[in-house]
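Enquirer: Residue numbers (the numbering used here), protein chains in the order written: chain A, 18 to 313; chain B, 306 to 566.
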């Protein structure tokens, strides 16, 4: 009974919030912002405004602790989780993808801790295994791979209000996580032994962080697209690094840059027709190029 | 000039001993890293740990910091203040200088605040944390470094920031891993004089590893020559003149009166 009430409550809440959002959007002077139409575009804009600051935030630590290869590998493994979910006949395989990605992240951290291999080698092992497994499962019995093509490109216009609510909750959770864990994570990335000497549980902090990335990458891959999702985790902070002098500036530039590129990418996608994920990435690349020449 | 020590190396030093290592051994994947290491470190004492590469200096530090499993006993008894649990002396650790990229957007203030407070440093840092960091950096004569990027510091400046961090809060034992590597002669003397100042002021025990034997006589009270086990322990003069010292570093005998190498 309780889950039902809960879901109903969330839907009611989401519906109410969406009404308010549509009301705000209707004030904009765009053609698609006219009242009573183009709801998919209005939803997509809200989704972009929730997803991009999240990626901007996580991106700072991905770049700082040199985890861009890891997040790339996670994206690949997420697809395998989807394939497993589809195999098990789940109606929404993204949850099995989340579980798979979390297991992937924890296992990776465990193996990395207990081996003398370089971490990019460990990532290579995990990533190739996961991808092969995904292709194996999804093509078993001679089935075609093409039904997964939409995952590779992503489609932000297909986002539903309930999912936006979920993403907003994740954004909130991530901000809380950031407030508690940013200092330990930063020190762990700079010098693990020093962090440990100051009472930080380096392994748990790093594992928790990779789990957060795993959840984020998996939940947003349907809309952003697997092939470009890692760019959202690397480019905002990479660009911000070019010009930031301290951590506060670094975060500000990264989050703002990601949001601007997100909105600009969505508009480009609307007026010219290309994939929104790719457009956002290209704007981020421009952001990087621009800051590169303004280097401090 | 050197401060009078509280303890002696003799058996009756239990009252003033800060750190006692007894029969410390470490094995890693079947390989023996440390074998039966025993020594005492007293309050207000500066001890230098020397030994060839792979002698187990860093492992010894990691044992004292509680980051590595070991056999044997490490105990601690404070000479000042109320008794504290043996497992929990405050240990300040200055690691071998971590490498920062030039472009790292980490300012000294960010780094310091992240290590010594709960304030999340991705938000603008409030005045009270700034003042505290300034006060702590003052201890190592580095208050002017506060807004500099970590990646832009010289070796000596970086060591000073790390030292200021290890001294907040003031520890019982201060451990420095090769603090003199990557520091020029000027910075080296500044750093060593600072350590001398600190142990007098705060009565803390200082243990540092080094390859620089020239400064030992001037700054260390005790030198521990380590090569898996303790090969020789004593005053700088005693250790540097000992045949074991020459053997360990494969130096030709006959240069015994050479002093610094």
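Beta carbons are placed, not taken as given, at the ideal position from N, Cα and C, and that holds for glycine.
Name, going along the chain, the residues of the stretch 477-511 of chain B whose beta-carbon falls closer than 7 Å to a beta-carbon of chain A.
Expert: Correct list: empty, as no residue qualifies.
Enquirer: By DSSP, does residue 336 of chain B sit in helix, in strand, or in coil?
Expert: DSSP places residue 336 of chain B in strand when its eight states are reduced to three.
Enquirer: Taking the C-alpha atoms as reference points, what is the distance between residue 40 of chain A and residue 188 of chain A?
Expert: Distance between the alpha carbons of residue 40 of chain A and residue 188 of chain A: 23 Å.
Enquirer: Going by Cα to Cα distance, which pick from B:351, B:493, B:555 is closest to residue 480 of chain B?
Expert: Comparing Cα positions, the closest option is B:351.
Enquirer: For residue 294 of chain A, which of A:240, A:307, A:85, A:38 has the nearest alpha-carbon?
Expert: Nearest of A:240, A:307, A:85, A:38 to residue 294 of chain A, Cα basis: A:240.
Enquirer: Residues in the same chain with beta-carbon distance under 8 Å from residue 400 of chain B, minus the five sequence neighbours each way, listed in chain order, please.
Expert: Here the set comprises 467, 482.
Enquirer: When you compare the stretch 92-103 of chain A with the stretch 146-154 of chain A, are there three or more beta-carbon pairs, one atom per stretch, that lie closer than 8 Å?
Expert: Because the criterion of three Cβ pairs below 8 Å is met, the stretch 92-103 of chain A and the stretch 146-154 of chain A touch.
Enquirer: Under 7 Å Cβ to Cβ from residue 91 of chain A, same chain only, skipping five residues before and after it: list those, please.
Expert: Counting only Cβ-Cβ distances below 7 Å, and skipping sequence neighbours, we find 118, 121, 122, 230, 231, 234.
Enquirer: State the beta-bridge partners of residue 514 of chain B as determined by DSSP.
Expert: Answer is B:354.
Enquirer: How many angstroms separate the CA atom of residue 371 of chain B from the CA atom of residue 195 of chain A?
Expert: Near 28 Å, if we compare the C-alpha coordinates of residue 195 of chain A and residue 371 of chain B.
Enquirer: Quick one: residues in its chain with C-beta nearer than 7 Å to the C-beta of residue 72 of chain A, no 5 flanking neighbours on either side, listed in chain order?
Expert: Result list for residue 72 of chain A: 249, 250, 253, 275, in chain order.
Enquirer: The ligand FAD and residue 189 of chain A: does the residue's C-beta get closer than 7 Å to at least one heavy atom of that ligand?
Expert: This structure lacks the ligand FAD; in fact it carries no ligand of any kind.
Enquirer: Return the chain-ordered list of same chain residues with a C-beta closer than 6 Å to the C-beta of residue 407 of chain B, the five sequence neighbours on each side being excluded.
Expert: Hits under 6 Å: 456.
Enquirer: Given that residue 265 of chain A touches chain B, what residues does it touch there, using C-beta distances under 7 Å?
Expert: Chain B residues near residue 265 of chain A: 427, 428, 429.
Enquirer: Suppose the cutoff is 7 Å on Cβ atoms and the five residues either side in sequence are ignored; what does the same chain contact list for residue 418 of chain B look like?
Expert: Taken in chain order, the residues that qualify are 424, 426, 430, 434, 438.
Enquirer: Report the partner residues of residue 532 of chain B according to the DSSP bridge assignment.
Expert: B:534.
Enquirer: Rounded C-beta distance between residue 497 of chain B and residue 524 of chain B? I'm assuming under 8 Å.
Expert: Correct: roughly 5 Å between the Cβ atoms.
Enquirer: I want to verify the contact list: residues of chain B whose CB lies under 8 Å from the CB of residue 213 of chain A, in sequence order.
Expert: Ordered by position in chain B, the residues that pass the 8 Å Cβ test against residue 213 of chain A are 370, 372.
Enquirer: Measuring only the C-alpha atoms, how far is residue 359 of chain B from residue 440 of chain B?
Expert: Cα-Cα distance, rounded: 38 Å.
Enquirer: Is the beta carbon of residue 330 of chain B less than 8 Å from the beta carbon of residue 339 of chain B?
Expert: Yes, they are a contact pair.
Enquirer: Apart from the five residues just before and just after residue 55 of chain A, which ones in its own chain have a Cβ nearer than 6 Å to its Cβ?
Expert: So the list reads 49, once near-sequence residues are dropped.
Enquirer: Out of A:288, A:285, A:172, A:142, which has the shortest C-alpha to C-alpha gap to residue 87 of chain A?
Expert: Per the Cα distances, A:142.
Enquirer: Would you verify that the beta carbon of residue 461 of chain B is, or is not, closer than 8 Å to some beta carbon of chain C?
Expert: In the displayed structure, chain C is absent; the protein chains listed are A and B.
Enquirer: Would you call the stretch 255-267 of chain A and the stretch 211-224 of chain A in contact, with 3 or more CB pairs under 8 Å?
Expert: Verdict: no, contact absent.
Enquirer: Could you pull out every residue in the same chain whose Cβ sits closer than 8 Å to the Cβ of residue 205 of chain A, ignoring the five residues on either side in sequence?
Expert: Cβ within range, chain order: 82, 212, 217, 219, 222, 223.
Enquirer: Report yes if the CB atom of residue 94 of chain A is closer than 8 Å to the CB atom of residue 179 of chain A, and no otherwise.
Expert: No, the pair does not count as a contact, with Cβ atoms beyond the cut-off.
Enquirer: Once DSSP output is grouped into helix, strand and coil, what is the label at residue 454 of chain B?
Expert: Strand.
Enquirer: Secondary structure at residue 563 of chain B, three-state DSSP: helix, strand or coil?
Expert: In this prediction, residue 563 of chain B scores a pLDDT of 47, lower than 50, which makes its location untrustworthy; no coordinate-derived value is stated.
Enquirer: Skipping 5 residues on each side, what residues in its chain have a beta carbon closer than 8 Å to that of residue 126 of chain A?
Expert: Cβ neighbours of residue 126 of chain A beyond the five flanking positions: 220, 223, 224, 227.
Enquirer: Whole angstroms are fine: how far does the CA of residue 246 of chain A sit from the CA of residue 491 of chain B?
Expert: One C-alpha to the other measures close to 50 Å.
Enquirer: Between residue 199 of chain A and chain B, is there a C-beta pair that is closer than 8 Å?
Expert: Chain B, which has a Cβ nearer than 8 Å to the Cβ of residue 199 of chain A, makes this yes.
Enquirer: Using a Cβ-Cβ distance under 8 Å, would residue 189 of chain A count as near chain B?
Expert: Not closer than 8 Å to any Cβ of chain B, the Cβ of residue 189 of chain A fails to qualify, so no.
Enquirer: In the structure shown, what three-state DSSP assignment does residue 491 of chain B receive?
Expert: In the structure shown, residue 491 of chain B sits in a helix (DSSP, three-state: H, G or I).
Enquirer: Using CA atoms only, rank isn't needed, just tell me which of A:184, A:74, A:309 is closest to residue 272 of chain A.
Expert: Residue A:74 is the option with its Cα nearest to residue 272 of chain A.
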